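There are 2 protein chains.
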Amino acid sequence: MIDHWQKEPIGFLIGNTYRRLIHYVSLFLREFDLTTEQFAVLYRLREEDGINQKELALRSAKDQPTMTRILDNLQKKGWIEKKLSEQDRRAYLITLTPNGRERIEQAIPAEARAIADVFAGISPEKLAFLREILLAINENVNRHTHE
Amino acid sequence: MIDHWQKEPIGFLIGNTYRRLIHYVSLFLREFDLTTEQFAVLYRLREEDGINQKELALRSAKDQPTMTRILDNLQKKGWIEKKLSEQDRRAYLITLTPNGRERIEQAIPAEARAIADVFAGISPEKLAFLREILLAINENVNRHTHE
DNA sequence: GACATATAATTGTCAAAGCAATTAATTTCG
DNA sequence: CGAAATTAATTGCTTTGACAATTATATGTC
Chain A
996 MIDHWQKEPI GFLIGNTYRR LIHYVSLFLR EFDLTTEQFA VLYRLREEDG INQKELALRS
1056 AKDQPTMTRI LDNLQKKGWI EKKLSEQDRR AYLITLTPNG RERIEQAIPA EARAIADVFA
1116 GISPEKLAFL REILLAINEN VNRHTHE
Chain B
996 MIDHWQKEPI GFLIGNTYRR LIHYVSLFLR EFDLTTEQFA VLYRLREEDG INQKELALRS
1056 AKDQPTMTRI LDNLQKKGWI EKKLSEQDRR AYLITLTPNG RERIEQAIPA EARAIADVFA
1116 GISPEKLAFL REILLAINEN VNRHTHE
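As given, the protein sequences belong to chains A and B, one line each in that order. Under the numbering used here, the first sequence has 1068 at position 73, and the numbering climbs by one with no breaks. Under the numbering used here, the second sequence has 1035 at position 40, and the numbering climbs by one with no breaks.
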């Protein structure tokens, strides 16, 4: 079925795999009315509540307009709140609401199950290796874009 | 700068790396007025000219509505043509125009340079290993979505 | 042959991502 | 101090992607 992917250029293979992975995870998050990106943002907030949008965008590897819109959607659902920073009145500090906290705590095990399915049969050593390669790619991109 | 990514959950790490990679490649394709997805479709057509949209979508790992819209954009630029199939009058056969062929031939070396930057210092063995893991992920997703 | 079913492509809607431009507040510097 | 530059967030525009529904053509079955 996907035999022709064996010889796929690596860039396409990464992209296609990523889309399939994301799609699979999204099936698990659907029952929580969460997209994978909304999940990622709530997950980050669970670790670092009360940071501003710029910081949240940086840590989620998204740009600020994208973060604005994801937060809009999360706010409509009542899962985050934006409070004007007292130190800097341009900035909003983002916090999870009680409902938002409950939602992310419920979604985390489901997402973990999806990830477990996706990485089934791939040993911890291989996973560590994958992680290493991904970090190397990140560093290459950083290096080349900053010189 | 990206120290906090060291301990990032693997799903987020893959997504963030993918976005950074795609962004870097897109900088190289910009001078050819091509997005990475448009590049991918032209690249595929260069190998298999005259196939229908459904087949093209399948081989590019995109759904049909997405393919319709990418082709719309490529057609506006005059780089592909759609001809009604004589065997099946529901289907369009997609072909590269001479301009489209010229465009993809010019863009390929630029994309290759971007990919070379991104994978600099990563040995062929590691790349083969990465490919193996990505294929395993694909098979896992396939298996789980079809049972 | 006629009717039901399946298929190729399209359209519409929403989420996300990149980029450019804008607004409002803050910082820097002359 | 006050003007200029910087910064946080927002909005608009375009492309991609998932999903549902629609249209037109093909296929299968009675």
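Each residue gets a CB set at the ideal place from its N, CA and C atoms; glycine is no exception. Everything numeric in this text was worked out from a predicted model, so none of it was measured.
C-alpha gap between residue i and residue j, whole angstroms
i: asparagine 1094 of chain A; j: alanine 1111 of chain B; result: 46 Å
i: leucine 1053 of chain A; j: asparagine 1133 of chain A; result: 14 Å
i: glycine 1045 of chain A; j: alanine 1035 of chain A; result: 16 Å
i: glycine 1010 of chain B; j: glutamate 1081 of chain B; result: 42 Å
i: lysine 1049 of chain A; j: glutamine 1059 of chain A; result: 6 Å
i: isoleucine 1129 of chain A; j: glutamate 1120 of chain A; result: The displayed chain sequence assigns leucine, not isoleucine, to residue 1129 of chain A. Approximately 14 Å between the Cα atoms of the pair.
i: glutamate 1003 of chain B; j: glutamate 1043 of chain B; result: 40 Å
i: tryptophan 1074 of chain B; j: arginine 1084 of chain B; result: 23 Å
i: alanine 1131 of chain B; j: leucine 1008 of chain A; result: 12 Å
i: leucine 1037 of chain A; j: histidine 1018 of chain A; result: 19 Å
i: serine 1118 of chain B; j: glutamate 1127 of chain B; result: 14 Å
i: threonine 1061 of chain A; j: isoleucine 1103 of chain A; result: 22 Å
i: serine 1154 of chain B; j: serine 1055 of chain A; result: Coverage of chain B is limited to positions 996 through 1142, which leaves residue 1154 of chain B absent and any answer about it impossible.
i: threonine 1012 of chain B; j: leucine 1122 of chain A; result: 15 Å
i: threonine 1031 of chain A; j: threonine 1031 of chain B; result: 22 Å
i: phenylalanine 1027 of chain B; j: aspartate 1067 of chain B; result: 17 Å
i: alanine 1086 of chain B; j: alanine 1086 of chain A; result: 52 Å
Residue from the options whose Cα sits closest to the Cα of residue i
i: asparagine 1025 of chain A; options: A:Asn1135, A:Ala1105, A:Ile1128 and A:Ser1118; result: A quick correction: the sequence has arginine, not asparagine, at residue 1025 of chain A. The candidate whose alpha carbon is nearest that of arginine 1025 of chain A is A:Ala1105.
i: arginine 1108 of chain A; options: B:Leu1088, B:His1139 and B:Glu1127; result: B:His1139
i: isoleucine 1099 of chain A; options: A:Lys1002, A:Leu1029, A:Pro1004 and A:Asp1067; result: A:Leu1029
i: lysine 1057 of chain B; options: A:Leu1051, A:Arg1014, A:Asn1068 and A:Leu1037; result: A:Arg1014
i: arginine 1096 of chain A; options: A:Ser1118, A:Tyr1087 and A:Leu1069; result: A:Leu1069
i: leucine 1088 of chain A; options: A:Thr1061, A:Ser1118, A:Asn1047 and A:Thr1031; result: A:Asn1047
Opening and closing residue of the beta strand (DSSP E) in which residue i lies
i: glutamate 1076 of chain B; result: 1075–1079
i: isoleucine 1089 of chain A; result: 1087–1091
Range covered by the alpha helix (DSSP H) that runs through residue i
i: serine 1055 of chain A; result: Neither: serine 1055 of chain A is in no alpha helix (DSSP H) and is coded neither H nor E.
i: glutamate 1042 of chain A; result: 1031–1042
i: glycine 1010 of chain A; result: 1005–1024
i: lysine 1121 of chain A; result: 1119–1140
Short Cβ contact (8 Å threshold) for residue i with residue j
i: threonine 1090 of chain A; j: lysine 1072 of chain A; result: no
i: glycine 1006 of chain A; j: valine 1020 of chain B; result: yes
i: leucine 1016 of chain B; j: valine 1113 of chain A; result: no
i: isoleucine 1065 of chain B; j: glutamine 1033 of chain B; result: yes
i: glutamate 1076 of chain A; j: threonine 1063 of chain A; result: no
i: leucine 1125 of chain A; j: leucine 1125 of chain B; result: yes
i: leucine 1051 of chain A; j: arginine 1039 of chain A; result: yes
Subject >> Members of the region 1007–1037 of chain B near chain A, C-beta cut-off 9 Å >> reply: Per Cβ criterion, the list reads Phe1007, Leu1008, Ile1009, Gly1010, Asn1011, Thr1012, Tyr1013, Arg1014, Arg1015, Leu1016, Ile1017, His1018, Tyr1019, Val1020, Leu1022, Thr1031, Glu1032 and Ala1035.
Subject >> Residues from the region 1083–1095 of chain A in contact with chain B, defined by Cβ distance under 7 Å >> reply: Residues: none.
Original post:
Along the region 1102–1126 of chain B, what residues have a CB closer than 8 Å to any CB found in chain A?
Top reply: Legend: CB atoms of the region 1102–1126 of chain B lying less than 8 Å from CB atoms of chain A belong to residues Glu1106, Ile1110, Asp1112, Val1113, Phe1114, Ala1115, Gly1116, Ile1117, Lys1121, Leu1122, Phe1124, Leu1125 and Arg1126.
Original post:
Relative to chain A, which residues along the region 1044–1075 of chain B have a C-beta separation below 9 Å, given in chain order?
Top reply: Listed in sequence order: Arg1054, Ser1055, Ala1056 and Lys1057.
**OP:** Could you run through the region 1128–1139 of chain B and flag, in chain order, every residue whose CB is less than 9 Å away from some CB of chain A?
**Re:** Listed by position along the chain: Ile1128, Leu1129, Leu1130, Ala1131, Ile1132, Asn1133, Glu1134, Asn1135, Val1136, Asn1137, Arg1138 and His1139.
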